[in-house]
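Have a look at the structure below before the remarks.
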Ligand code: FE
Ligand code: FE
Ligand code: ZN
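Residue numbers (the working numbering): 907 to 1182.
Printed below as a string of structure tokens:
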């Protein structure tokens, strides 16, 4: 069965997200650990987590994906901002231990003119500070579109980070279809070759999740504007090949398309119908 869900608001807690997921025929979901712009997280409601875990087990929800605030920048030129990113992620990982066995995705960061090498070194340094052998969450680097000075604009840059993380079994990658397309990987005409390249550079065993998005822009545009499935430049046929590709079909897929709940429900139904 296709594992698919969408990004949900976490403001009402875990159980509410689980029920929303079930209401749109999703069997997974993604959520921000706190306000996407950063800031303090609400106190973790342990009763809500307990209720959610029972509900998820009964309703077949699995492989949920926590997403770090996208404003965190672990490779900022400003020491305070680097420190803030590290402390926030540390706190997120501590909280995610209450729902063990899932993944935590983050945007590697922007080197803001310091150069990729400096960026990679700050990011891997931060990960080496926060990961512990006890953590039961896998931390994912997201493939980025390469807008501005984003680190992770190609598979090599992600590989560089992974190579320098000591507890490498705690690490993985989340492939965002809009981002790789915008980054110049032609998943429309050369999906096999792109995945071969991913395997050669990073290793497909590192790939733990897929963000399933269409893109408003052309191949290699480095823009990062998501479109509804079938309404962008990637198109429904290519996205159908993505969910059915033998290297990907067992992975969890998360929609981050510009939709309200009914739009997500429609896209989930569409992809379930197209899943072989
Ligand atoms: Fe993201
Ligand atoms: Fe994404
Ligand atoms: Zn994006």
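Just so it is clear, CB atoms sit at the ideal spot from N, CA and C, and this is done for glycine as well.
Could you give the DSSP three-state label for residue i: helix, strand or coil?
| i | result |
| --- | --- |
| residue 1067 | helix |
| residue 918 | coil |
| residue 1080 | strand |
| residue 1057 | coil |
| residue 1108 | coil |
| residue 1004 | coil |
| residue 1163 | coil |
| residue 1170 | helix |
| residue 1020 | coil |
| residue 1029 | helix |
| residue 1085 | helix |
| residue 913 | strand |
| residue 1132 | strand |
| residue 1121 | strand |
When you measure from the CB of residue i to every non-hydrogen atom of ligand 3, does any distance come out below 7 Å?
| i | result |
| --- | --- |
| residue 984 | no |
| residue 1096 | no |
| residue 913 | no |
| residue 1120 | no |
Could you check if residue i is buried or exposed, using at least 16 other CB atoms within 10 Å of its CB as the buried criterion?
| i | result |
| --- | --- |
| residue 1081 | buried |
| residue 940 | buried |
| residue 936 | buried |
| residue 1038 | exposed |
| residue 1014 | buried |
| residue 998 | buried |
| residue 907 | exposed |
Would you say the beta carbon of residue i comes nearer than 7 Å to a heavy atom of ligand 2?
| i | result |
| --- | --- |
| residue 885 | Here the chain comprises residues numbered 907 to 1182, so residue 885 is not present and cannot be evaluated. |
| residue 1048 | yes |
Starting from residue i, follow the alpha helix (DSSP H) in both directions and report where the run begins and ends.
| i | result |
| --- | --- |
| residue 958 | 952-965 |
| residue 1114 | Residue 1114 -> not in any alpha helix (DSSP H); beta strand (DSSP E) instead, spanning 1113-1118. |
| residue 1144 | 1142-1150 |
Answer yes or no: the CB of residue i versus the heavy atoms of ligand 1, is any distance below 7 Å?
| i | result |
| --- | --- |
| residue 1010 | no |
| residue 1128 | no |
Within the continuous beta strand (DSSP E) that includes residue i, where are the two ends?
| i | result |
| --- | --- |
| residue 1045 | 1044-1048 |
| residue 1009 | 1009-1012 |
| residue 972 | 971-973 |
| residue 1040 | Counting along the chain, residue 1040 falls outside any beta strand (DSSP E), and DSSP gives it neither H nor E. |
| residue 934 | 934-938 |
Can you find a C-beta in chain C that's less than 8 Å from the C-beta of residue i?
| i | result |
| --- | --- |
| residue 959 | The structure shown contains no chain C; it holds only a single protein chain. |
Check whether the Cβ of residue i lies closer than 7 Å to any heavy atom of ligand 4, and answer yes or no.
| i | result |
| --- | --- |
| residue 1057 | For ligand 4, the structure offers nothing, since it holds only ligand 1, ligand 2 and ligand 3. |
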